[in-house]
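A quick write-up on the structure given underneath.
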Amino acid sequence: MSSSKLRRQIAFEAARLMHSRDVAEYYIAKQKAAKRLCKGWLKPSDLPTNAEIREQVQSLSRMHDGSFHTERLLTMRTRALWWLEQLSEFHPKLIGSVLTGHVREGSDVDIHVFASNPHSITVRLDHLGAFYELQRKQVIKNGEQRVFTHIHIRDEFKIELTVYHPSLLGHRFRSSITGKPIERASLPQLKKLIEIEHHLDSDSLARTIDDISSMPDRFAVFQSLLVPLENVIQNLKYHPEGDALFHSLQVFEHARDAMPYDEEFLLAALLHDVGKAIDPRDHVASGLEALDGFISERTAWLIEHHMESHAIADRTIGARRRRRLAENRWFDDLILLGECDRAGRVPGALTCELEESLDYIENIEQMFG
Numbered sequence: 002m003s004s005s006k007l008r009r010q011i012a013f014e015a016a017r018l019m020h021s022r023d024v025a026e027y028y029i030a031k032q033k034a035a036k037r038l039c040k041g042w043l044k045p046s047d048l049p050t051n052a053e054i055r056e057q058v059q060s061l062s063r064m065h066d067g068s069f070h071t072e073r074l075l076t077m078r079t080r081a082l083w084w085l086e087q088l089s090e091f092h093p094k095l096i097g098s099v100l101t102g103h104v105r106e107g108s109d110v111d112i113h114v115f116a117s118n119p120h121s122i123t124v125r126l127d128h129l130g131a132f133y134e135l136q137r138k139q140v141i142k143n144g145e146q147r148v149f150t151h152i153h154i155r156d157e158f159k160i161e162l163t164v165y166h167p168s169l170l171g172h173r174f175r176s177s178i179t180g181k182p183i184e185r186a187s188l189p190q191l192k193k194l195i196e197i198e199h200h201l202d203s204d205s206l207a208r209t210i211d212d213i214s215s216m217p218d219r220f221a222v223f224q225s226l227l228v229p230l231e232n233v234i235q236n237l238k239y240h241p242e243g244d245a246l247f248h249s250l251q252v253f254e255h256a257r258d259a260m261p262y263d264e265e266f267l268l269a270a271l272l273h274d275v276g277k278a279i280d281p282r283d284h285v286a287s288g289l290e291a292l293d294g295f296i297s298e299r300t301a302w303l304i305e306h307h308m309e310s311h312a313i314a315d316r317t318i319g320a321r322r323r324r325r326l327a328e329n330r331w332f333d334d335l336i337l338l339g340e341c342d343r344a345g346r347v348p349g350a351l352t353c354e355l356e357e358s359l360d361y362i363e364n365i366e367q368m369f370g
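Using this note's numbering, the first residue of the sequence shown is number 2, and each one after it goes up by one.
Written as structure tokens, this is what we have:
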């Protein structure tokens, strides 16, 4: 096989690995691709560049995503525009695949922001009620050690802010893949791009942004309701495991073992006790009120009746009430939820982190179709 043909095949295989989200890094993707296609040693010059792999990834996205790609791109761009408006005091600039149009499943919204102190940005995020993680990463570039500050925000799409000092506002950053200056767009430029490429007039775009403001991301809502459960200490007679968040994560683990593909059931398992941090006297009603509009009818029904599942198990429920519940098409799911609830009361049990549980549920459709 000629060197150029092998190089193209490696580039395509590496792109396939990245497009399917099996691999996230270019270096790892090309090494895995080369190992699959070749048994012997390869010269570094036989391996494709990151730019060549990126071109193949973009080609796969266009080929497989079709009209869905166009709709997803518009949704991601309007979401990015909303964030640029919220962070306008930090001179935000959109970069990356959402700007260039080469998005794929799992793509982030990448934004450069400029502030002397990253905590001034987190104060703004706190005001917005956003959930985020601030991360500092040391990188050695051209023999010089530099620290990059990133803020990862939970939203409908993953938002990654890279924080730079205001003195770098006019600096032309270069791509580590192509070596060329990075394309970037300010708030007015992104508005114009959306209006032209997606044929949206300014009034329609404004209404879309207003809708985003009035309807927060549901997983951010779930997280905001679950975090306070860590401070809810329960009656040790019934809950020897400790706080209500630890219990909820245990219940989620059992639910995931039983029905790993069922988003509605897993949400019921994870969210069934969120009302305990709102009104412990009636945690079911208060939890359902807080979740109204963010969960399905089935999830709401399971949460509404999860306490009765325990009465069914210990035979303290009335015959008429049990019969009414049994007539519901989700009755078997209710019994299973009760089993998971009772199993999730083990002191010191191993569970995933809250972020991991939410990420799992959010990506179910991608994992199982």
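Beta carbons are placed, not taken as given, at the ideal position from N, Cα and C, and that holds for glycine.
Secondary structure remark: continuous alpha helix (DSSP H) runs of at least 4 residues inside the region 189 to 228, in chain order: 203 to 215, 219 to 227.
The secondary-structure analysis by DSSP pairs glutamate 161 across a beta bridge with Asp111, His153. Secondary structure of isoleucine 11 (DSSP, three-state): helix.
Annotation: valine 110 to glutamate 72 spans about 15 Å, alpha carbon to alpha carbon. Within the region 53 to 101, the runs of beta strand (DSSP E) that reach at least 3 residues and sit entirely inside it are, in chain order, 94 to 96.
Restricting attention to Gln136, Pro93, Ala344, the CA atom closest to the CA of aspartate 258 is found in Ala344.
Annotated three-state conformation of valine 148 is strand, per DSSP. DSSP places glycine 243 in no alpha helix (DSSP H); its state is neither H nor E. In this structure the region 112 to 126 touches the region 78 to 98; the number of beta carbon pairs closer than 8 Å is three or more. Here arginine 80 is not near glutamate 134, since their CB atoms are 7 Å or more apart. Sorting His103, Glu53, Leu338 by C-alpha distance to the C-alpha of glutamate 184 places His103 at the top.
Cα atoms of serine 108 and arginine 219: separation of roughly 19 Å, rounded to the nearest angstrom.
Looking only at Ala16, Ile154, Thr300, the smallest Cα-Cα distance to alanine 52 is reached by Ala16. If you check the CB distance, leucine 268 and isoleucine 234 do not come in under 7 Å.
Counting C-beta atoms within 10 angstroms of its own C-beta, glutamine 139 has fewer than 16 neighbours from the protein chains shown and is therefore classed as exposed. Just measuring C-alpha positions, the residue of Tyr239, Ala291, Ala270, Leu355 sitting nearest aspartate 334 is Ala270.
Here glycine 288 is buried, its C-beta having at least 16 other C-beta atoms within 10 Å. Proximity to alanine 207 across Leu191, Val222, Ala221 peaks at Leu191, based on C-alpha coordinates.
For arginine 147, the closest of Arg137, His153, Ile154 by C-alpha to C-alpha distance is Arg137.
Rounded to the nearest whole angstrom, the C-alpha separation of histidine 248 and histidine 284 is 15 Å. Looking only at Thr352, Lys36, Pro348, Lys94, the smallest Cα-Cα distance to lysine 238 is reached by Pro348. Using a Cβ distance threshold of 7 Å, threonine 352 and glutamine 251 count as a contacting pair.
Distance from leucine 82 to isoleucine 210 at the Cβ level is roughly 6 Å; contact confirmed, criterion being Cβ atoms closer than 8 Å.
Looking at Ser46, Gln32, Glu26, the one whose alpha-carbon comes closest to that of serine 5 is Ser46. Annotated as proximal: alanine 34 and isoleucine 11, with beta-carbon spacing under 7 Å. Take threonine 179, set aside five residues on each side of it, and the residues of its chain with a beta-carbon closer than 7 Å to its own are Ala52, in chain order.
Within a 10 Å sphere around the beta-carbon of arginine 78 sit 16 or more other beta-carbons, which makes this residue buried. Under the three-state reduction of DSSP, alanine 186 is assigned to strand.
Around the beta carbon of isoleucine 141, a 10 Å sphere encloses fewer than 16 other beta carbons of the protein chains shown; the residue is thus reported as exposed.
Put simply, of Val164, Asp263, Gly319 the residue whose alpha carbon is nearest the alpha carbon of tryptophan 331 is Asp263. When only Cα atoms are considered, leucine 227 and phenylalanine 369 end up about 25 Å apart.
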